[in-house]
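Asks: Numbering (the numbering used here), first residue to last: 307 to 385. Beta carbons are placed, not taken as given, at the ideal position from N, Cα and C, and that holds for glycine.
Set out below in structure tokens:
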């Protein structure tokens with residue numbers, strides 16, 4: 307069994323913060339620094355913001371950080 311390379315996803319143009327979960331999968335926070343309309347997406351398990359059109363950066367950062375602290379999903383594939 308061979309593991310594929312563990313590569314970091316390409317950074318989106320509107321990336322504000324990149325966190326990493328328990329096994330180093332990226333969790334990206336994207337959107338605007340002011341106002342609402344920020345979201346987070348986990349590249350490990352696929353989880354994401356529930357209401358990105360309403361989320362402000364401070365709330366998004368807190369929920370993404372809580373997810374990063376508990377998620378153990380990896381983004382690399384076994385071949």
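1. Which residue marks the beginning of the alpha helix (DSSP H) containing residue 369, and which one marks its end?
2. If you draw a straight line from the alpha carbon of residue 315 to that of residue 349, how long is it in whole angstroms?
3. Can you tell me which residues form a DSSP beta bridge with residue 336?
4. Measuring straight from C-alpha to C-alpha, what distance separates residue 361 and residue 342?
5. Give me the residue from 321, 323, 338 with the minimum Cα distance to residue 359.
Replies: Looking at the coordinates:
1. 363 to 376
2. 8 Å
3. 321, 345
4. 5 Å
5. 338
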